[in-house]
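J.: Can you read through this structure? Questions will come right after.
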Amino acid sequence: MAQFAQIIVDVPTLQTNRPYDYAIPLVWQDQLQVGIRVVVPFGKGSRQVQGFVVGTSDTPPDYAGELKTIAQVLDLQPVLNTELLALAKWLAQWTFSFQISCMQTMLPSMMKASYTKKVRLTGAATPATAAIFNGQAELDFADLAPETIKQLLKLQRQNLVEVDYQVHDRAKIKTIKAIQPLLSVAEYTAAAAKVPANAKRQHDLLAYLSAHATTTAPLSLPQITAETQLTLAHMHTGADKGWLRIVDLETYRDPYAELATAPRTQPLTLTAEQATAVEQITTAGQQQQAKVFLVEGVTGSGKTEIYLQSIQAAIAKGQTALMLVPEIGLTPQMVTRVKGRFGAHVAVLHSGLSNGERYDEWRRIERGEAQVVVGARSAVFAPLTNLGLIIMDEEHESSYKQDDMPRYHARDVALWRARYHHCPVVLGSATPSLESRSRAQKGVYQLIRLKERANHQPLPEVTVVDMKDELKQTKEDNFSSLLLQELHKRLLHQEQSVLMLNRRGFSSFVMCRDCGFVLKCPNCDISLTLHMDTHSMKCHYCGHEEAIPQVCANCQSRKIRYYGTGTQKVESELKVLLPEARILRMDVDTTRRKGAHAKILRQFGNHQADILLGTQMIAKGLDFPDVTLVGVLNADTALGLPDFRASERTFQLLTQVSGRAGRADKKGEVIVQTYNPEHYAIRLARHHDYEGFYQREMTLRHQAGYPPYYYTILVTASHEEENEAAKKIFQLMNQVKPALSPQAVLLGPTPRAIARVNKRYYYQMVIKYKHEPQLEKILTQIMQENQARNGIQISIDREPLSFI
DNA sequence: AGCACGCCGACT
DNA sequence: GTCGGCGTGCTC
């Protein structure tokens with residue numbers, strides 16, 4: 001019988017990044033399990049904090065002080081199983097973050113505690129307290145001015161007021177009202193005889209109860225109301241008379257309810273290539289091998305069908321499957337496809353769900369009611385047991401890496417879980433990341449190349465237009481004559497077009513034509529972006545917003561002009577050039593509202609528009625049969641960025657967007673406008689030549705010493721004072737350098753490209769290495785020693801996706 | 001994170 | 001003298 005528990009507390013600092021010992025209250029001694037959430041007193045004031053039980057024991061721990069006792073138990077069943085607890089521990093070490101942060105990212109956000117700090121009077125009010133409390137019994141610290149807090153702390157020392165911490169579990173199970181008939185048919189008939197004839201509703205109720213008297217399961221009230229117009233009020237009457245009992249029935253918020261009952265789709269006939277792929281994957285599953293497959297296949301080569309049939313095989317063995325999709329690729333089309341095949345066995349997790357919906361999907365998985373999980377990055381932590389297969393579609397996508405604590409890559413987590421479960425992993429992409437492709441080269445992963453398209457359609461023709469020439473002929477900077485001509489043709493034939501504006505490394509800003517002054521963010525080292533929809537200037541880093549200036553702040557000139565290109569500007573240009581075209585715009589501004597993304601896609605799918613104009617987000621995962629033209633307005637804006645992955649990103653984007661053209665029986669055409677037609681990323685994308693790009697890019701990465709030839713770690717120090725941040729990063733460099741072998745390379749320290757964000761200055765250094773046994777230890781130690789003190793913040797990012 | 005302890009300057 | 005500034009260390 002366990003009397004003591006080891007608990008990880010919700011205090012995200014490195015000094016508390018270890019289990020603390022607590023006594024288990026007597027009533028819980030034989031029930032408290034590892035993985036359960038609790039509330040414990042912690043620290044000097046014994047404030048209440050949430051914690052996770054990570055161990056129990058019946059021998060007193062080796063702790064000299066006096067043990068505190070667990071205050072509350074929040075769960076009846078563990079919310080983290082032994083696998084996920086072990087994963088949290090590993091992930092914290094791997095990403096140099098805290099175990100508690102890892103545990104919290106694994107769970108739906110509703111299960112993270114919220115805290116309130118309240119003040120109350122201890123006895124009779126004094127003049128001083130009366131002024132502050134103003135008749136209220138208690139006050140919330142969050143609503144109080146710093147001045148008032150100061151006074152209250154003074155009063156606390158005189159024991160006139162007390163401070164109280166409260167933990168709130170936000171996880172709420174949704175219930176609906178239901179009724180349970182209590183009597184037999186004969187008894188209901190007898191009861192009806194006593195009810196006055198004019199009490200019509202009561203007779204209706206008795207008739208209903210009588211008809212359902214033999215039902216044992218509770219009857220859902222919303223359903224009864226829909227059928228009979230009997231409401232909760234009538235049920236209360238019935239309950240008072242002892243006819244029925246009202247119960248709360250646990251239910252799920254299911255955003256895809258209508259899909260669960262949709263007719264199932266049947267597996268498609270596989271091509272020889274697809275069949276071999278499925279065969280290899282399922283064999284690895286059968287043999288319980290944690291083998292990693294890299295499926296490299298162009299758009300339309302039928303990767304999704306390979307995924308679905310491999311999942312099918314895993315389910316047939318009684319196992320579960322996890323399918324990861326980039327956030328942006330988790331379109332209603334994809335969900336429909338998976339739900340269509342596996343119906344109610346599928347749970348979906350993505351950021352578009354409300355917190356409640358996400359919590360409910362999570363509970364369905366946790367209870368084993370869903371065997372297939374489809375979801376974005378954090379779905380990699382789905383509490384599936386007996387996992388038989390993990391799929392990661394579009395494995396090169398940058399959204400798989402989380403950019404705040406814990407800075408994990410879903411691929412690393414997927415590989416860890418596969419090793420734990422001895423199950424295969426399938427990484428799929430038309431343009432694999434160089435990291436994965438080179439591992440396949442070395443035989444670490446098994447490469448499966450799909451060379452033909454499942455529909456035997458040729459890949460679309462890609463035409464590259466040199467905008468340098470174009471600019472000499474016309475004054476339009478966004479549309480070449482070829483693109484306009486082709487758009488026109490599509491309008492005549494009633495076919496659809498997709499236009500992509502590459503926004504990476506690009507923004508609209510406001511500049512004074514007289515003095516060249518550019519309006520910048522007061523908090524960050526970056527120019528403000530013009531937003532015509534809100535008529536304001538916004539900072540994309542900290543969210544600062546201000547009015548569009550009429551007069552130059554520097555020279556008072558009125559000659560202020562807009563520069564740069566946004567989707568809004570392109571849209572208005574297009575309206576002038578092609579007045580008859582119906583245009584749908586899709587970008588961060590038009591898709592901010594929940595469901596807006598899906599709505600725009602649905603409208604376009606229903607032919608409510610001729611042209612879909614958007615940013616990167618239109619490049620991925622969409623499948624519209626009547627799109628025969630794809631135009632890329634500016635292919636190369638990202639190439640100018642000082643980022644070693646710029647070429648890779650450009651190649652991936654162009655390849656992906658090209659795949660949007662001509663997917664059904666119609667031939668597709670792609671027009672790419674660029675100022676760098678000779679650049680290899682654009683040249684090779686034009687020929688759909690991933691392998692050629694891979695060879696070329698690997699040579700360059702080798703010469704420059706970049707991943708995948710080196711591992712990289714980015715260390716950043718920030719402070720409100722620029723020289724404090726700089727001082728710290730140099731100190732860290734001196735600490736790291738002696739531990740490194742001569743083979744390792746240290747880049748920097750340098751100020752970050754955008755050196756100031758949110759009133760803080762950032763300095764960074766990059767460590768490039770192949771094999772450094774000491775490095776892990778030194779970096780962990782650096783994190784230990786440099787807790788957020790003196791306003792310095794340190795962050796360590798393993799394998800950052802970008803150095804800028 | 002939040003709290004106590006402890007050491008310094010400037011105030012009733 | 002003491003109030004309160006913040007640098008340092010600890011929380012089972």
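Per full-length UniProt numbering, the first sequence starts with residue 1, numbered consecutively.
The beta-carbon is built from N, C-alpha and C at its ideal position, and this holds for glycine as well.
Computed from a predicted model, the values in this text were never measured in an experiment.
With a threshold of 7 Å on Cβ separation, who are the neighbours of Phe-730 within its own chain once the five nearest residues in sequence on each side are excluded?
T.: For the purposes of this step, residue 730 is taken as residue 730 along the first sequence, with counting starting at 1. Excluding residues within five positions, the ones whose Cβ falls inside 7 Å are Pro-749.
J.: Between Val-670 and the rest of its own chain, which residues show a CB-CB distance below 8 Å, the 5 nearest in sequence each way excluded?
T.: For this step, residue 670 is matched to residue 670 along the first sequence. Excluding sequence neighbours, Val-670 sits near Pro-460, Glu-461, Val-462, Thr-463, Leu-629, Val-630, Gly-631, Val-632, Val-657, Ser-658 and Ala-661.
J.: Under three-state DSSP, which class holds Ser-527?
T.: Taking the first residue of the first sequence as 1, we reach residue 527 at position 527. Residue state, collapsed to three classes: strand.
J.: Within a Cβ cutoff of 8 Å, which residues of the same chain sit near Gly-692, ignoring the five residues on either side of it in sequence?
T.: What you label residue 692 is simply residue 692 of the first sequence in a count that begins at 1. Same-chain partners within the cutoff: Leu-684.
J.: Taking DSSP's pairing of strands, which residues face Lys-520 in a bridge?
T.: Counting from one through the first sequence, the residue named residue 520 turns up at place 520. Ser-527.
J.: In three-state DSSP terms, what is Pro-146?
T.: Reading the first sequence from its first residue, position 146 is the one you call residue 146. Reduced to three states, the DSSP call for Pro-146 is helix.
J.: Would you kindly report the start and end of the unbroken alpha helix (DSSP H) that includes Leu-249?
T.: Taking the first sequence and counting its residues from 1, one reaches residue 249 at position 249. Segment 244–250 is the beta strand (DSSP E) holding Leu-249; no alpha helix (DSSP H) there.
J.: Kindly indicate the opening and closing residues of the beta strand (DSSP E) around residue 810.
T.: Since the first residue shown for the chain is 1 and the last is 804, residue 810 is missing from the structure and cannot be characterised.
J.: Closest to Gln-764 by CA distance: which of Tyr-256, Arg-358 and Val-715 is it?
T.: Your numbering for residue 764 matches position 764 in the first sequence. Answer by Cα proximity: Val-715.
J.: Go ahead and pull the three-state DSSP assignment for Val-465.
T.: Taking the first sequence and counting its residues from 1, one reaches residue 465 at position 465. If DSSP states are grouped into helix, strand and coil, Val-465 belongs with the strands.
J.: State whether the segment 421–438 contacts the segment 254–264, with contact taken as three or more CB pairs (one from each stretch) at a distance under 8 Å.
T.: Judged by Cβ distances under 8 Å, the segment 421–438 makes no contact with the segment 254–264, as fewer than three pairs qualify.
J.: Taking the beta strand (DSSP E) that Glu-296 belongs to, which residues open and close that run?
T.: The residue labelled residue 296 in the question sits at position 296 within the first sequence. Run containing Glu-296: 292–297, per the beta strand (DSSP E) assignment.
J.: With DSSP as the reference, label Leu-349 as helix, strand or coil.
T.: Numbered from 1 along the first sequence, position 349 holds the residue referred to as residue 349. Looking at Leu-349 - three-state DSSP - the assignment turns out to be strand.
J.: Report the option in Leu-230, Pro-181, Tyr-252 and Pro-196 whose CA atom is closest to the CA atom of Arg-245.
T.: Within the first sequence, numbered from 1, the residue matching residue 245 stands at position 245. Comparing Cα positions, the closest option is Pro-181.
J.: Beta-carbon within less than 7 Å of Lys-599's beta-carbon, same chain only, minus the 5 sequence neighbours each way: which residues are those?
T.: For the purposes of this step, residue 599 is identified with residue 599 of the first sequence, where counting begins at 1. So no residue of the chain qualifies.
J.: According to the neighbour-count rule (16 or more other Cβ atoms, all chains shown, within 10 Å of its Cβ), is His-350 buried or exposed?
T.: Residue mapping note: residue 350 aligns to position 350 of the first sequence, counting from 1. Under this definition His-350 is a buried residue.
J.: Measuring CB atoms only, is the segment 45–64 touching the segment 368–380, in the sense that at least three cross pairs come out at less than 8 Å?
T.: No: the two stretches stay apart, fewer than three of their Cβ pairs being nearer than 8 Å.
J.: Looking at the secondary structure, which residues open and close the beta strand (DSSP E) in which Met-392 lies?
T.: Translated into positions along the first sequence, residue 392 becomes position 392. Met-392 -> beta strand (DSSP E) spans 387–393.
J.: Taking the alpha carbon of Ser-46 as the point to measure from, which residue in Gln-288, Ala-275, Val-167 and Phe-4 has its own alpha carbon closest?
T.: As a working mapping, residue 46 is identified with position 46 in the first sequence. Per the Cα distances, Val-167.
J.: Select from Asn-634, Asp-10, Phe-342 and His-456 the residue whose C-alpha is nearest the C-alpha of Ala-316.
T.: Position 316 of the first sequence, counted from the start, is the residue given in the question as residue 316. Of Asn-634, Asp-10, Phe-342 and His-456, the residue nearest in Cα terms is Phe-342.
J.: Per DSSP, which one or two residues make a beta bridge with Thr-716?
T.: Taking the first residue of the first sequence as position 1, residue 716 is located at position 716. DSSP output for Thr-716 lists Gln-764 and Ser-795 as bridge partner(s).
J.: Are Asn-502 and Thr-615 touching if we call contact CB-CB under 9 Å?
T.: Here the question's residue 502 lines up with position 502 in the first sequence. Here the question's residue 615 lines up with position 615 in the first sequence. In this structure, Thr-615 lies closer than 9 Å to Asn-502 by Cβ.
J.: Can you give me the Cβ contacts of Tyr-400 inside the same chain, cut-off strictly under 7 Å, excluding the 5 residues immediately before and after it?
T.: In the first sequence, counting from the first residue as 1, residue 400 sits at position 400. Correct list, in chain order: Pro-326, Arg-377, His-409, Ala-410 and Arg-411.
J.: By Cβ distance below 7 Å, which residues in the same chain neighbour Tyr-420 in space, the five residues on each side in sequence not counted?
T.: Position 420 of the first sequence holds residue 420. If we look at Tyr-420 and ignore the five residues flanking it on each side, its Cβ neighbours are Glu-83.
J.: Between which residues of its own chain and Phe-479 is the CB-CB distance below 6 Å, once the five residues before and five after are set aside?
T.: To locate residue 479, count along the first sequence from 1; it is residue 479. Excluding sequence neighbours, Phe-479 sits near nothing in its chain.
J.: For the beta strand (DSSP E) containing Gly-55, list its first residue and its last residue.
T.: By 1-based counting over the first sequence, the position of residue 55 is 55. Per DSSP, Gly-55 belongs to the beta strand (DSSP E) from 47–57.
J.: Is it true that the CB of Gln-496 sits closer than 9 Å to the CB of Val-672?
T.: In the first sequence, residue 672 corresponds to position 672, counting from 1. In the first sequence, residue 496 corresponds to position 496, counting from 1. Cβ atoms of Val-672 and Gln-496: not closer than 9 Å.
J.: Going along the chain, which residues of its own chain have a beta-carbon closer than 7 Å to the beta-carbon of Thr-122, five neighbours each way excluded?
T.: Sequence index remark: in the first sequence, residue 122 carries index 122 (1-based). Cβ neighbours of Thr-122 beyond the five flanking positions: Asn-159, Leu-160, Val-161 and Glu-162.
J.: With H, G and I counted as helix, E and B as strand and the rest as coil, what does DSSP make of Phe-506?
T.: Stepping through the first sequence from its first residue, residue 506 is reached at position 506. With a pLDDT of only 49 at Phe-506, under 50, the local geometry of the prediction cannot be trusted, and no value is derived from it.
J.: Looking at Val-9: is its Cβ nearer than 9 Å to the Cβ of Gln-72?
T.: Taking the first sequence and counting its residues from 1, one reaches residue 9 at position 9. Taking the first sequence and counting its residues from 1, one reaches residue 72 at position 72. No, they are not a contact pair.
J.: Going by beta-carbon coordinates alone, are Ala-414 and Val-372 separated by less than 9 Å?
T.: In the first sequence, residue 414 corresponds to position 414, counting from 1. In the first sequence, residue 372 corresponds to position 372, counting from 1. For Ala-414 and Val-372, no; Cβs fall outside 9 Å.
J.: Rounded to whole angstroms, what is the Cα-Cα separation between Glu-799 and Pro-12?
T.: The residue you call residue 799 lines up with position 799 of the first sequence. The residue you call residue 12 lines up with position 12 of the first sequence. Cα-Cα distance, rounded: 23 Å.
J.: Just to check, is the beta-carbon of Val-632 closer than 8 Å to a non-hydrogen atom of the ligand HEM?
T.: Ligands displayed in this structure: none; no statement on the ligand HEM is therefore possible.
J.: Residue range of the alpha helix (DSSP H) that Asp-140 falls in?
T.: Working through the first sequence from its first residue, we reach residue 140 at position 140. Element bounds for Asp-140: not the alpha helix (DSSP H) but the beta strand (DSSP E), 138–140.
J.: For Ile-365, which residues from the same chain have a beta carbon less than 7 Å from its beta carbon, with the 5 sequence-adjacent residues on both sides left out?
T.: Translated into the one-based positions of the first sequence, residue 365 becomes position 365. Closer than 7 Å at the Cβ level, and outside the excluded window around Ile-365, lie Ala-347, Val-373, Ala-382, Pro-383 and Leu-384.
J.: With distances taken from CA atoms, which of Lys-172, Lys-339 and His-212 is nearest Ala-186?
T.: To locate residue 186, count along the first sequence from 1; it is residue 186. For the residues Lys-172, Lys-339 and His-212, the minimum Cα distance to Ala-186 belongs to His-212.
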